[in-house]
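Below: one structure, written as structure tokens.
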Amino acid sequence: MTFLRVEGRQFVDESGTPVRLRGVAVGGWLNMENFITGYSGNEALMRSLVREVLGDEKYELFFDRLLTAFFNEDDAKLLAEMGMNCVRLPVNYRHFEDDARPFEFKPEGFKHLDRAVEACARHGIYTVIDLHALPGSQNHHWHSDNITHRPLFWDHPHFQDRVVKMWEHIAEHYKDNPWVAGYNPINEPADESRKVVGPFYTRLVEAIRAIDDRHILFLDGNTYSTEFDVFDEPWDNTVYVAHDYAAPGLGGGGPYPGETAGKYWDKAALEAKYAERTEYCTRTGTPVWVGEFGPIYTGSEPRDAELRRLLADQLDIFKRDGAGWSIWMYKDLGRQGLVMVRPDSPYLKRFGDFVAKKVRLGADQWGSDGKGVAEVTGPFYQMIAEEFPGFDPYPWGQYDWVRTLLLNLTVAQPLAYEYAELFRGLTDDELIALADSFALANCDVRTTLRDQLIAG
Numbered sequence: 001m002t003f004l005r006v007e008g009r010q011f012v013d014e015s016g017t018p019v020r021l022r023g024v025a026v027g028g029w030l031n032m033e034n035f036i037t038g039y040s041g042n043e044a045l046m047r048s049l050v051r052e053v054l055g056d057e058k059y060e061l062f063f064d065r066l067l068t069a070f071f072n073e074d075d076a077k078l079l080a081e082m083g084m085n086c087v088r089l090p091v092n093y094r095h096f097e098d099d100a101r102p103f104e105f106k107p108e109g110f111k112h113l114d115r116a117v118e119a120c121a122r123h124g125i126y127t128v129i130d131l132h133a134l135p136g137s138q139n140h141h142w143h144s145d146n147i148t149h150r151p152l153f154w155d156h157p158h159f160q161d162r163v164v165k166m167w168e169h170i171a172e173h174y175k176d177n178p179w180v181a182g183y184n185p186i187n188e189p190a191d192e193s194r195k196v197v198g199p200f201y202t203r204l205v206e207a208i209r210a211i212d213d214r215h216i217l218f219l220d221g222n223t224y225s226t227e228f229d230v231f232d233e234p235w236d237n238t239v240y241v242a243h244d245y246a247a248p249g250l251g252g253g254g255p256y257p258g259e260t261a262g263k264y265w266d267k268a269a270l271e272a273k274y275a276e277r278t279e280y281c282t283r284t285g286t287p288v289w290v291g292e293f294g295p296i297y298t299g300s301e302p303r304d305a306e307l308r309r310l311l312a313d314q315l316d317i318f319k320r321d322g323a324g325w326s327i328w329m330y331k332d333l334g335r336q337g338l339v340m341v342r343p344d345s346p347y348l349k350r351f352g353d354f355v356a357k358k359v360r361l362g363a364d365q366w367g368s369d370g371k372g373v374a375e376v377t378g379p380f381y382q383m384i385a386e387e388f389p390g391f392d393p394y395p396w397g398q399y400d401w402v403r404t405l406l407l408n409l410t411v412a413q414p415l416a417y418e419y420a421e422l423f424r425g426l427t428d429d430e431l432i433a434l435a436d437s438f439a440l441a442n443c444d445v446r447t448t449l450r451d452q453l454i455a456g
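The sequence shown begins at 1 in the UniProt record's numbering and counts up one residue at a time.
What follows is the structure, encoded as structure tokens:
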């Protein structure tokens with residue numbers, strides 16, 4: 001096996017043969033997300049509450065079994081059979097260190113990550129190590145394990161120092177592994193000042209390169225990987241990662257083709273947005289790798305047929321441009337994943353009503369239109385709009401800011417306590433059955449998505 005590298009607008013192996021990286025992100029695994037595994041709020045809050053209910057021993061039993069079941073040899077085999085050759089592995093920094101003991105790396109930190117890298121390698125699949133949640137949170141939302149709505153990472157050099165040391169630790173661990181395609185050091189940074197992210201990237205790249213100059217760096221642009229003006233000239237062996245979610249495919253999206261939020265979306269509009277998001281790559285002659293994209297399904301066949309058409313158009317755009325991609329995401333409870341936990345599983349028998357309550361209240365942001373209980377939220381949105389008509393906060397404006405505070409924090413965090421209580425009194429065997437609900441053998445494959453990815 002040889003190391004991949006960047007050559008012009010392509011990935012190539014050491015013989016110079018082009019390699020188009022196509023695959024999935026295993027979201028919700030080593031960086032858990034509420035809509036993927038069914039809890040509420042952010043991961044750190046949820047874990048602390050479940051630990052209080054279960055106690056240390058049962059807590060460790062459940063979560064270790066869950067991580068083991070969620071991604072293993074069977075999952076790598078399925079992806080290889082589909083012709084996928086790359087898996088992006090999002091990781092929460094808490095696997096490597098605790099806030100109470102910064103700069104002290106846990107000896108077990110690579111346990112599950114190594115297992116996934118090795119399983120993928122046995123099936124001819126490269127991996128990209130993605131630090132998805134950083135100390136202090138690098139963006140405003142749940143997926144950076146943010147318990148607030150502020151990305152404090154950019155305000156505190158302490159957090160930044162920890163991430164530099166963490167990436168030195170990761171690079172030292174994987175520097176000789178050719179099956180690791182490279183490192184995605186910061187998922188979706190959101191530095192409102194635009195003054196910290198560029199210099200920090202320079203510092204981080206230099207620190208990683210001092211240890212490992214062979215692996216590719218996959219760098220996300222600022223503002224959730226949509227702005228690349230924080231970069232000057234491109235670094236060697238580096239990819240500038242675009243995230244290309246299409247507005248009609250998100251929660252509250254309109255018909256496709258058709259109008260969403262006052263804009264008409266069809267394939268031409270998708271192409272224009274893709275060109276905008278990959279302009280830096282085109283201008284600098286570097287490869288395009290779409291690190292995240294993908295529609296959110298609804299269970300309504302007419303609507304999901306539109307979403308499949310949207311995805312087909314995106315995949316065709318990527319293919320014609322020779323772009324690699326990593327779709328979001330691999331496995332969940334049925335909202336977006338290639339693989340879905342079955343409705344009659346022990347997990348959804350236990351937590352199905354809770355998940356339905358979350359949906360009714362609009363507690364998760366991903367896949368929601370942000371209304372929740374509309375007779376309650378509607379007047380509040382209206383009041384803010386009327387009282388503060390010029391308020392347009394970073395990154396996504398007034399509506400997103402209000403729903404984050406109102407639903408994704410104020411409603412979601414009490415629900416996290418309710419989720420934890422559903423573990424009370426469970427035996428070891430019952431906890432194992434819940435965790436094993438996420439094993440591939442106990443899940444269904446979304447065959448339409450499988451077939452689209454194979455063709456893409």
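Glycine included, every Cβ here is placed at the ideal spot set by N, Cα and C.
Helix, strand or coil at residue i according to DSSP, with G and I counted as helix
i	result
Gln452	helix
Ile216	strand
Met383	helix
Lys331	strand
Glu97	coil
Val355	helix
His158	helix
Trp179	coil
Ser225	helix
His112	helix
Lys371	coil
His140	coil
Glu292	strand
Ile211	helix
Glu14	coil
His123	coil
Val164	helix
Asn184	strand
Ala416	helix
Thr377	helix
Arg22	strand
Own chain, CB closer than 7 angstroms to residue i, minus 5 neighbours either side, in chain order
i	result
Glu227	Gly221
Arg5	Val12, Ile216, Asn237
Ala261	Ala247
Tyr93	Leu131, Ala133, Leu134, Pro135, Met166
Pro178	Met1, Thr2, Phe3
Tyr224	Asn139, Glu188, Ala190, His243, Pro395
Asp321	Val288
Phe110	His173
Glu192	Tyr394
Glu104	Glu97
Gly75	According to the sequence displayed, residue 75 carries Asp and not Gly. Hits under 7 angstroms: Leu440.
Ile147	Asn42, Ala44, Leu45
Beta-carbon separation (whole angstroms), residue i vs residue j, contact threshold 8 angstroms
i	j	result
Val26	Val87	6 angstroms
Leu315	Gly249	Between Gly249 and Leu315 the Cβ distance is about 13 angstroms, and since that is not below 8 angstroms, they are no contact.
residue 458	Val411	An answer regarding residue 458 cannot be provided, because it is not within the stretch 1 to 456 covered by the chain.
Asp145	Ala44	5 angstroms
Val91	Asn31	6 angstroms
Ala69	Ala435	5 angstroms
Ala363	Asn408	7 angstroms
Tyr240	Leu219	6 angstroms
Exposed unless 16 or more other CB atoms sit within 10 angstroms - verdict on residue i
i	result
Ala455	exposed
Ala441	exposed
His140	buried
Tyr419	buried
Met383	exposed
Lys195	exposed
Ser345	buried
Lys106	exposed
Ser299	First, the residue type needs correcting, since residue 299 is Gly and not Ser in the sequence shown. With fewer than 16 other Cβ atoms within 10 Å, it is exposed.
Thr377	buried
Ser437	buried
Arg101	exposed
Pro185	buried
Ala272	exposed
Beta-carbon contacts of residue i that lie in its chain and below 6 angstroms, excluding the five residues immediately before and after
i	result
Phe423	Val50, Val53, Leu54
Asp71	What sits at residue 71 in the sequence shown is Phe, not Asp. For Phe71, where only same-chain residues beyond five positions count, the Cβ hits under 6 angstroms are Val26, Trp29, Ala116.
Tyr280	Phe228, Tyr240
Close beta carbons around residue i, own chain, < 8 angstroms, minus the five adjacent residues each side
i	result
Leu152	Gly136, Ser137, Phe159
Cβ of residue i within 7 angstroms of any chain B Cβ
i	result
Thr226	Within the model displayed, chain B is absent; a lone protein chain is all it includes.
*For the segment 78-94 against the segment 122-130, are there 3 or more C-beta pairs whose distance is under 8 angstroms?*
The segment 78-94 is in contact with the segment 122-130.
*Counting Cβ pairs, one atom from each stretch, are 3 or more of them under 8 angstroms apart for the segment 29-44 and the segment 325-338?*
Under the 8 angstroms Cβ criterion, the segment 29-44 counts as touching the segment 325-338, having at least three qualifying pairs.
*asked:* For the structure I just gave you, are there three or more beta carbon pairs, one from the segment 338-353 and one from the segment 274-286, closer than 8 angstroms?
replied: Taking 8 angstroms as the limit for Cβ pairs, the verdict is that the segment 274-286 does not touch the segment 338-353.
*Decide yes or no for the touch test of the segment 283-291 against the segment 341-359: beta carbon pairs closer than 8 angstroms, at least 3 of them.*
Not touching, per the Cβ criterion.
_Contact between the segment 317-325 and the segment 289-300 is defined here as three or more beta-carbon pairs at a separation below 8 angstroms; is this criterion met?_
Cβ pair count under 8 angstroms is three or more, so yes.
*When the Cβ atoms of the segment 115-124 are set against those of the segment 153-168, are three or more pairs found closer than 8 angstroms?*
No contact exists between the segment 115-124 and the segment 153-168.
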